[in-house]
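Comments concern the structure below.
There are 2 protein chains.
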Amino acid sequence: MKTFYTSIFITFLTLTTFSQIQQKIVLNQPDTSRGYTVMHALANRASEKEYDTINLSLQDLSDLMWAANGVNRPEEKNRTAPSAINGQDIDIYAFMIDGVYFYNAFDHILELVVEGDYRDIVAGSQYWVADAPVICVLVSDISRFKFGDDDQRMLWAAFDAGIVSQNISVFCASVGLATRPRASMEIDKIIDLLNLTETQHPMLNNPVGYPLK
Amino acid sequence: MKTFYTSIFITFLTLTTFSQIQQKIVLNQPDTSRGYTVMHALANRASEKEYDTINLSLQDLSDLMWAANGVNRPEEKNRTAPSAINGQDIDIYAFMIDGVYFYNAFDHILELVVEGDYRDIVAGSQYWVADAPVICVLVSDISRFKFGDDDQRMLWAAFDAGIVSQNISVFCASVGLATRPRASMEIDKIIDLLNLTETQHPMLNNPVGYPLK
Chain F
-10 MKTFYTSIFI TFLTLTTFSQ IQQKIVLNQP DTSRGYTVMH ALANRASEKE
40 YDTINLSLQD LSDLMWAANG VNRPEEKNRT APSAINGQDI DIYAFMIDGV
90 YFYNAFDHIL ELVVEGDYRD IVAGSQYWVA DAPVICVLVS DISRFKFGDD
140 DQRMLWAAFD AGIVSQNISV FCASVGLATR PRASMEIDKI IDLLNLTETQ
190 HPMLNNPVGY PLK
Chain L
-10 MKTFYTSIFI TFLTLTTFSQ IQQKIVLNQP DTSRGYTVMH ALANRASEKE
40 YDTINLSLQD LSDLMWAANG VNRPEEKNRT APSAINGQDI DIYAFMIDGV
90 YFYNAFDHIL ELVVEGDYRD IVAGSQYWVA DAPVICVLVS DISRFKFGDD
140 DQRMLWAAFD AGIVSQNISV FCASVGLATR PRASMEIDKI IDLLNLTETQ
190 HPMLNNPVGY PLK
């Protein structure tokens, strides 16, 4: 009987803990009127190495994802970022304090992939990068390119990752967020954590946060 | 005597033709107040395949070059486009009707490299691309990366080309110009024409023009 009550208590604890993590973050619609002009944003653009630890507002998080690689023409299923042979190979995994989320661009939501704070494996030896409330890890699935050998596909994946990364940099410069593109991260640990397939390659990452005062 | 006059006449013709080609195009200062916001530009962004043949205005040409990879922080010698280990490896060659020009970002001028219309070798089999008044060919000089083996450097070069290309796409979307990123071009002919070294690699190109009505 004691075992029975203990079991119920553990189940209750598990459910309680479980419910604290959002399985799905419904993002706000993009605010296309906010921020600086492209030319003004490019005048401001600079790679920032340090970030405030406070969380992004829901609107900032929403607009960040959409600007990076959101759907801007739903009828044609097209995106803010072009891609080689329209392969739409780049997925964004948002590493945040509570967990790692997958950006489902067509539903404009973040879906929980793994619970827990794993920003340190993206930061690697540059441990202070893990201060950023969101680190966008850009993963290319090269199987979405319908032709080309592996070398060709990896080159396309790198072009496409650079394109999405620059959407992030330009968006951040337009609304006063800090970011920078980074090629370094603990790739094998990320592949294991996210259970990526052989055709999915972490290419670049962009930590994003408010500027450190 | 007849030969002498013929010779003078030919020299005169040559000099006249020569003087019609601008050796140097001094660009206007960037107009950082023009155009749409970044978010609005991203809502508009789409890859356009066809272009009007009319030339860009000097302000559009100037802002295009600056937005793509201009100097936005002259004191620190930094650019609108970030690059791997700040290698600043991407050079822009502007293929135009009169000739091919090199964008000297620090002097913000275009310098004539080769006289003549060579847009067709960038267009390749997509011959209509040569209608665009400017085709920006993004060339990485991987020797500017101070470390890394060739595979590593080529990956960085591809990220950096994607980044510059997206600056072009976002700028164009902000001011009503048409563009798209292209990986296809006649690379060997471009290398020969521009007399590129073994460390200089044409990576991507962006034709730019006014939209075809």
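Same order as they appear, the protein sequences are chains F and L. Per our numbering, the very first residue in the first sequence carries number -10; after that it's consecutive. Per our numbering, the very first residue in the second sequence carries number -10; after that it's consecutive. Glycine included, every Cβ here is placed at the ideal spot set by N, Cα and C. Computed from a predicted model, the values in this text were never measured in an experiment.
Considering Cα atoms alone, identify which of the options is closest to residue i.
i	options	result
G88/F	N194/F, K202/F, L183/F	L183/F
A219/F	P191/F, A162/F, A146/F	A query on residue 219/F cannot be resolved here, the shown segment of chain F reaching from -10 to 202 and no further.
S72/F	R34/L, A94/L, V123/L, G198/L	R34/L
L193/L	M143/L, L16/L, E39/L	M143/L
V102/F	V118/F, A83/F, D41/F, A119/F	A83/F
F148/L	V159/L, L99/L, N75/L	N75/L
E187/F	E100/F, I98/F, D120/F, V128/F	V128/F
A162/L	P200/L, D130/L, R108/L	P200/L
F160/F	L31/F, I10/F, I14/F, Q11/F	L31/F
Y107/L	I86/L, V164/L, F91/L	I86/L
I181/F	S158/F, I110/F, V164/F	One detail in the question is off: residue 181/F reads as Asp in this sequence, not Ile. That would be I110/F, whose Cα lies nearest to the Cα of D181/F.
K221/F	L16/F, F136/F, A119/F	An answer regarding residue 221/F cannot be provided, because it is not within the stretch -10 to 202 covered by chain F.
S158/L	T69/F, V164/F, Q141/F, Y90/F	T69/F
L185/L	N44/L, P63/L, F91/L	F91/L
D139/L	N93/L, Q189/L, A150/L	Q189/L
A56/L	N44/L, N17/L, S36/L	N17/L
For residue i, return the contacting residues in chain L, with the cut-off set at a CB-CB distance below 8 angstroms.
i	result
R62/F	A35
G24/F	T26, V27, M28
L16/F	Within 8 angstroms Cβ-Cβ: nothing; L16/F doesn't reach chain L, min ~14 angstroms.
S163/F	T26, V27, M28
Just to confirm, are residue i and residue j a CB contact at a threshold of 8 angstroms?
i	j	result
Q115/F	I152/L	no
M28/L	D52/F	yes
G113/L	E65/L	no
L205/L	D20/L	Absent from the model: residue 205/L. The displayed extent of chain L is -10 to 202, so no value can be given.
R23/L	T26/F	yes
I179/L	C125/L	no
N61/L	N67/L	yes
A146/L	P196/L	no
D78/L	D130/L	yes
E100/F	I10/F	no
K202/F	I98/F	no
Y40/L	G198/L	yes
Using a Cβ cut-off of 8 angstroms (strictly closer), state whether residue i contacts chain B.
i	result
Q155/L	Protein chains F and L are contained in the structure displayed, whereas chain B is not.
Which residues in chain F have a C-beta closer than 9 angstroms to the C-beta of residue i? List them in chain order.
i	result
F148/L	A147, F148, A150, G151, S154, P170, A172, M192, L193
Would residue i be called buried (16 or more neighbouring beta carbons within 10 Å of its own) or exposed?
i	result
F95/L	exposed
T5/L	Its pLDDT being 49, under 50, T5/L is placed unreliably in this model, and the value from its coordinates should be taken loosely. So T5/L counts as exposed.
T42/L	exposed
S46/L	exposed
F134/F	buried
S132/L	exposed
V123/L	buried
V15/L	exposed
DSSP has residue i in a bridge; who is on the other side?
i	result
T129/L	According to the sequence as given, residue 129/L is Ser; it is not Thr. BP columns for S129/L point to I79/L, H190/L.
T26/F	T26/L
S167/L	Sequence inspection shows Ala at residue 167/L; the Ser mentioned does not correspond to that position. DSSP lists G198/L as partners of A167/L.
I14/L	L99/L
F91/F	Y82/F, E100/F
N67/L	R62/L
Y40/F	P200/F
V118/L	V118/L is not bridged to any residue.
I74/L	None, per the DSSP bridge assignment.
I180/F	Its beta-bridge partners do not exist; DSSP assigns none.
For a contact meaning CB atoms closer than 9 angstroms, what does residue i contact in chain L?
i	result
D20/F	M28
D52/F	M28
Can you name the residues of chain F whose CB is closer than 7 angstroms to the CB of residue i?
i	result
T69/L	L31, R34
A73/L	A172
Check the Cβ of residue i against every Cβ in chain F and list those closer than 8 angstroms, keeping chain order.
i	result
F160/L	V27, M28, L31
A56/L	V27, M28, L31
In chain L, which residues lie with their C-beta within 7 angstroms of the C-beta of residue i?
i	result
L144/F	A147
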